[in-house]
Amino acid sequence: MLRYIARRLLLTVPLLVGISLVSFLMMHMAPGGPIGAGTDLNPKATAESRARLKAYYGLDQPLHVQYGRWLGRMATLDFGDSFSPDGRPVAEKIKERIPITLTINVLSMGLIFLVAIPVGVYSAVRKGSLFDRISTVAVFAGFAIPTFWLALLMMILFGVTLGWLPISGISSLDHESLGILGKLADRAHHLLLPVLLAGFGGLAGMSRYMRSNMLEVIRQDYVATARAKGLPEGTVVFRHAMRNALLPVITILGLSVPDLLGGSVIFETIFAIPGMGQLFYQGVMSRDYPLIMGILTIGAFLTLLGNLLADVGYALADPRIRQG
Amino acid sequence: MNASPGIGRDFARRLLRNRLAAAGGAVILFFFLVSALPGLFASHEPNRIDIVNILRPPSAAHPLGTDDLGRDVLARVVHGARVSLKVGFVAVGIATALGLLVGLLSGFYGGWVDAVLMRFVDMMLCFPTFFLILSVIAFLEPSIWNIMAVIGLTGWMGVARLVRAETLSLKERDFVAAARAQGAGNARIIFRHVLPNTLAPILVAATLGVAGAILTESALSFLGIGVQPPTPSWGNILTAGKDNIEFAWWLSLFPGLAILFTVLGYNLLGEGIRDAADPRLKGR
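Protein sequences, first through last, are from chains A and B. Under the working numbering, think of the first position of the first sequence as 2, with each following residue one higher. Under the working numbering, think of the first position of the second sequence as 2, with each following residue one higher.
See the structure below:
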């Protein structure tokens with residue numbers, strides 16, 4: 002197992018180098034190079050920050066030296082200072098925004114599992130039933146509904162018409178005066194819609210995936226054997242079939258990181274949630290290049306980490322992988 | 002399987018018999034018609050501002066209401082169809098062409114060509130696509146052409162992997178060996194024998210890809226970094242919907258329905274093509 006993990010870790014090294022190379026090239030292919038693009042189009046960039054940037058990128062050095070320095074800074078997560086008026090280090094700004102983004106994504110992932118797995122398993126076991134047909138239609142609709150549009154409709158229904166849920170921010174104005182339980186309830190109240198919507202996109206895909214896994218497994222000989230032994234249907238489905246059908250889900254979990262991160266830009270912007278997605282959006286709108294490249298790189302790291310965890314998790318769960 | 006007429010007819014019959022796929026195709030045809038002849042579906046000009054009739058709910062004069070500048074929402078949704086269609090097809094065209102090229106080269110030549118190209122694909126896939134798109138757009142000016150190019154250039158990796166896998170298995174087949182024995186060169190083998198046999202999975206990927214590109218474009222336009230006003234796009238009409246969320250539900254509802262039906266249409270047709278091309282996969 003350790004050997005498998007070591008080998009898998011080794012495989013990520015070239016990818017890390019690749020990520021840094023792509024982001025380096027992107028900065029240099031920008032019109033006028035990293036400084037021209039950043040400062041010409043950004044009225045907020047002063048002469049002073051221009052000079053700082055020049056020193057930061059070491060533009061007087063040959064390309065390979067520049068790249069070497071870029072690589073070194075990436076390894077220490079040093080992305081330079083933001084172009085925004087506060088001029089704070091990008092790494093610092095990202096760090097304070099990440100927890101809320103991760104919280105929402107982890108919660109929505111939990112939601113996806115809680116809903117999609119039972120739906121997928123039940124549709125597979127009762128293939129062709131009314132439930133299966135309804136859930137298939139729902140899955141197709143789910144693939145086609147733009148999440149941001151659903152968010153708008155939910156805001157109109159629950160926020161404007163019914164007035165049940167807040168439609169922006171993560172806390173009420175009187176948040177600070179609440180007790181610990183009150184604070185928690187207030188936070189939950191604000192996060193309910195964002196978490197539901199962040200999970201929505203994944204729900205359709207995951208239940209469809211679970212259904213086809215289950216259909217695949219249920220035809221296997223060992224399931225027929227379990228039935229032939231006279232085991233009750235529940236035991237066959239849950240103990241024998243479902244456990245194996247769940248295995249590939251681990252992979253999907255890891256692979257869904259980039260989609261969730263991309264989605265967080267949209268729903269954090271809609272619901273005015275101060276997370277990494279909103280920060281990224283603000284960076285794009287104000288052409289804050291150090292910030293954009295910082296978040297792009299962090300996003301790629303997180304994606305890579307997700308893939309790694311997926312592979313290791315799968316190997317832990319399935320001995321065939323780590324021996325093969 | 003050098004597309005003999007019998008197989009083509011078989012494929013078409015299976016596709017048409019699939020009611021969902023046919024419905025998807027009908028929706029797509031409808032939106033084609035809307036884009037080609039917008040005047041037939043909307044009597045108003047999409048950009049005519051009418052400050053007297055701002056944010057009017059749906060009525061006989063304005064079946065889908067008016068927006069915050071008094072423009073007719075039906076006219077804007079109808080003219081937005083063309084934008085979505087254009088972005089979907091051009092972006093997928095770029096992605097498919099690139100993916101096809103990379104996949105064919107990689108699968109056919111193998112060796113270091115394959116190693117280099119596939120590592121590059123792995124690398125591209127490390128970046129969350131939406132992040133990548135937003136980053137590139139931040140360096141450019143947001144415009145419909147840039148959006149199409151960026152969606153296309155960040156969406157080819159899946160096609161490349163698909164074509165590579167197909168090519169790898171096809172090039173070992175007897176008919177390729179036979180062609181080679183007859184003295185066919187690499188170019189002839191690739192274009193006459195390998196490429197035609199990868200078309201079915203590519204067609205499926207491209208059809209589903211159009212749906213994805215339309216969704217992405219609408220999200221970008223919604224965020225204000227896609228198609229720029231006053232050019233109407235379903236995404237940027239929804240931006241007005243969000244800005245007026247307390248008073249104008251019709252601004253949020255209708256453009257979203259247009260996106261929903263279009264995307265659903267392409268998804269159903271794509272699944273239908275997959276089932277028709279390979280009936281063994283049906284129901285997955």
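Here a beta-carbon is modelled for each residue, glycine too, at the ideal position from N, C-alpha and C.
Contact set between residue i and chain B, taken where Cβ atoms lie within less than 9 Å
{"i": "PRO15 of chain A", "result": "ARG120, ASP123 and MET124"}
{"i": "LEU194 of chain A", "result": "Those do not exist, as LEU194 of chain A stays about 13 Å from chain B at its closest Cβ, beyond 9 Å."}
Residues of its chain near residue i, where Cβ-Cβ distance is below 8 Å and the 5 sequence neighbours each way are ignored
{"i": "ILE274 of chain B", "result": "LEU16, ALA22, ALA201, LEU204, VAL205 and THR208"}
{"i": "VAL285 of chain A", "result": "ILE293"}
{"i": "ASP244 of chain B", "result": "ASP69"}
Cβ neighbours of residue i in the same chain (closer than 7 Å, five flanking residues each side left out)
{"i": "ILE99 of chain A", "result": "MET277"}
{"i": "ILE6 of chain A", "result": "VAL313"}
{"i": "GLY304 of chain B", "result": "Residue coverage of chain B in this structure runs from 2 to 285, which leaves residue 304 of chain B outside it and unanswerable."}
{"i": "LEU270 of chain B", "result": "ALA22, GLY25, GLY26, ILE29 and THR208"}
{"i": "LEU169 of chain B", "result": "GLY108"}
{"i": "ILE322 of chain A", "result": "TYR315 and ALA316"}
{"i": "ARG89 of chain A", "result": "ASP82 and SER83"}
{"i": "ALA220 of chain B", "result": "GLY236"}
Identity of the residue in the options nearest residue i by Cα
{"i": "TYR109 of chain A", "options": "A:LEU262, A:LEU297, A:ALA145 and A:LEU185", "result": "It should be noted that the sequence gives Ser, not Tyr, for residue 109 of chain A. With distances taken between Cα atoms, SER109 of chain A lies closest to A:LEU262."}
{"i": "PHE140 of chain B", "options": "A:LEU305, A:LEU280, A:MET27 and A:LEU11", "result": "A:MET27"}
{"i": "LEU204 of chain A", "options": "A:ALA145, A:LEU303, A:ALA189 and A:ASP289", "result": "A:ALA145"}
{"i": "GLY210 of chain B", "options": "B:LEU154, B:ARG181 and B:ALA188", "result": "B:LEU154"}
{"i": "ASP69 of chain B", "options": "B:PRO129, B:ALA182 and B:TRP250", "result": "B:TRP250"}
{"i": "VAL1 of chain B", "options": "B:ALA161, B:GLY257, B:LEU126 and B:MET149", "result": "Absent from the model: residue 1 of chain B. The displayed extent of chain B is 2 to 285, so no value can be given."}
{"i": "LEU194 of chain A", "options": "A:GLU177, A:ALA142, A:MET211 and A:THR148", "result": "A:THR148"}
{"i": "TYR267 of chain B", "options": "B:ILE29, B:ILE145, B:VAL137 and B:GLN229", "result": "B:ILE29"}
{"i": "ALA76 of chain A", "options": "A:HIS29, A:GLU93, A:ASN245 and A:VAL18", "result": "A:VAL18"}
{"i": "GLY307 of chain A", "options": "B:LEU254, B:LEU86, B:LEU196 and B:PHE128", "result": "B:PHE128"}
{"i": "VAL228 of chain B", "options": "B:GLU142, B:ASP175 and B:ALA188", "result": "B:GLU142"}
{"i": "SER136 of chain B", "options": "A:ILE101, A:SER287, A:VAL107 and A:ALA311", "result": "A:SER287"}
{"i": "ASP133 of chain A", "options": "A:ARG209, A:ARG8, A:LEU248 and A:TYR290", "result": "A:ARG209"}
{"i": "LEU261 of chain B", "options": "B:ASP11, B:ARG181, B:ILE215 and B:THR67", "result": "B:ILE215"}
{"i": "SER144 of chain B", "options": "B:VAL88, B:VAL74, B:PHE121 and B:ARG18", "result": "B:VAL88"}
{"i": "ALA152 of chain A", "options": "B:GLY40, B:LEU265, B:GLY257 and B:LEU38", "result": "B:GLY257"}
{"i": "ALA76 of chain B", "options": "B:PRO231, B:ALA161 and B:ALA277", "result": "B:PRO231"}
{"i": "LEU154 of chain A", "options": "A:GLN283, A:ILE271, A:ASP319 and A:LEU16", "result": "A:ILE271"}
{"i": "VAL174 of chain B", "options": "B:ARG162, B:GLY81, B:ILE191 and B:MET158", "result": "For the sequence presented, residue 174 of chain B should be read as Arg rather than Val. Comparing Cα-Cα distances from ARG174 of chain B to each of B:ARG162, B:GLY81, B:ILE191 and B:MET158, the minimum goes to B:ILE191."}
{"i": "GLU167 of chain B", "options": "B:ASP11, B:ARG20, B:GLY111 and B:ARG57", "result": "B:GLY111"}
{"i": "THR162 of chain A", "options": "B:ASP11, B:PHE248 and B:PRO47", "result": "B:PHE248"}
{"i": "PHE1 of chain A", "options": "A:GLN62, A:VAL126, A:GLU49 and A:LEU198", "result": "Not covered by the structure: residue 1 of chain A. The range shown for chain A is 2 to 325."}
{"i": "SER172 of chain A", "options": "A:TRP165, A:THR226, A:LEU192 and A:GLY180", "result": "A:LEU192"}
{"i": "THR298 of chain A", "options": "B:THR97, B:LEU38, B:PRO64 and B:LEU126", "result": "B:LEU126"}
Contact set for residue i: own chain, Cβ-Cβ below 6 Å, skip 5 residues either direction
{"i": "GLY300 of chain A", "result": "LEU262"}
{"i": "PHE42 of chain B", "result": "VAL35 and VAL79"}
{"i": "MET326 of chain A", "result": "Summary: the structure shown does not reach residue 326 of chain A, with chain A confined to residues 2 through 325, and so no result is reported for it."}
{"i": "PHE25 of chain A", "result": "TYR68 and TRP71"}
{"i": "ASP279 of chain B", "result": "none"}
{"i": "SER222 of chain B", "result": "VAL228, SER234, GLY236 and ASN237"}
{"i": "ARG193 of chain B", "result": "none"}
{"i": "ALA82 of chain B", "result": "PHE32, VAL35 and SER36"}
{"i": "VAL103 of chain B", "result": "LEU118 and ALA161"}
{"i": "GLY66 of chain B", "result": "ARG57, PRO58, PRO59, VAL74 and TRP251"}
Beta-carbon neighbours of residue i, restricted to chain A and to distances below 9 Å
{"i": "ILE264 of chain B", "result": "One point to set straight first is that residue 264 of chain B is Val, not Ile, in the sequence displayed. Here the neighbours are PHE144, ALA145, ILE146 and PRO147."}
{"i": "ASN147 of chain B", "result": "Within 9 Å Cβ-Cβ: nothing; ASN147 of chain B doesn't reach chain A, min ~12 Å."}
{"i": "GLY309 of chain B", "result": "Given that chain B is displayed from residue 2 to residue 285, the structure contains no residue 309 of chain B and the question cannot be resolved."}
{"i": "SER234 of chain B", "result": "Neighbours of SER234 of chain B on chain A: none; closest Cβ ~12 Å, over 9 Å."}
{"i": "SER253 of chain B", "result": "TRP150, LEU153, LEU154, MET156 and ILE157"}
Proximal chain B residues relative to residue i, where beta-carbon distance stays under 8 Å
{"i": "VAL23 of chain A", "result": "MET124, MET125 and PHE128"}
{"i": "ILE271 of chain A", "result": "LYS243"}
{"i": "LEU166 of chain A", "result": "Result: empty, since nearest Cβ-Cβ is about 13 Å, beyond 8 Å."}
{"i": "MET27 of chain A", "result": "SER136, VAL137 and PHE140"}
{"i": "VAL266 of chain A", "result": "PHE131, PHE132, LEU135 and LEU224"}
Partners in chain B for residue i, counting only beta-carbon separations shorter than 7 Å
{"i": "ARG220 of chain A", "result": "None at all; the shortest Cβ gap to chain B is about 12 Å."}
Contacts that residue i makes with chain A (C-beta to C-beta distance below 7 Å)
{"i": "ALA139 of chain B", "result": "VAL285, ARG288 and ILE293"}
{"i": "TRP250 of chain B", "result": "ILE157"}
{"i": "ASN268 of chain B", "result": "PHE141, PHE144 and ALA145"}
{"i": "GLU247 of chain B", "result": "VAL161"}
{"i": "SER219 of chain B", "result": "PRO147"}
For residue i: DSSP bridge partner residues
{"i": "ASP73 of chain B", "result": "B:THR67"}
{"i": "PRO58 of chain B", "result": "Partner(s): none; PRO58 of chain B has no beta bridge."}
{"i": "ASP82 of chain A", "result": "A:PRO90"}
Inset, instruction - May I ask you to verify whether the region 74 to 82 of chain A touches the region 227 to 246 of chain A, counting CB pairs closer than 8 Å and requiring at least 3? - result: No: fewer than three Cβ pairs fall under 8 Å.
Legend entry - the region 251 to 259 of chain A touching the region 178 to 186 of chain A, judged by at least three CB pairs closer than 8 Å: Contact between the region 251 to 259 of chain A and the region 178 to 186 of chain A is absent, because fewer than three Cβ pairs lie under 8 Å.
Legend entry - Validate contact between the region 237 to 246 of chain B and the region 128 to 138 of chain B using beta carbons, cut 8 Å, 3 pairs: Using a Cβ-Cβ distance cut-off of 8 Å, the region 237 to 246 of chain B and the region 128 to 138 of chain B are not in contact, since fewer than three pairs of beta carbons, one from each stretch, lie closer than that value.
Inset, instruction - State whether the region 217 to 236 of chain B contacts the region 157 to 167 of chain A, with contact taken as three or more CB pairs (one from each stretch) at a distance under 8 Å. - result: Using a Cβ-Cβ distance cut-off of 8 Å, the region 217 to 236 of chain B and the region 157 to 167 of chain A are not in contact, since fewer than three pairs of beta carbons, one from each stretch, lie closer than that value.
Legend entry - the region 213 to 225 of chain A touching the region 117 to 126 of chain A, judged by at least three CB pairs closer than 8 Å: The region 213 to 225 of chain A vs the region 117 to 126 of chain A: in contact.
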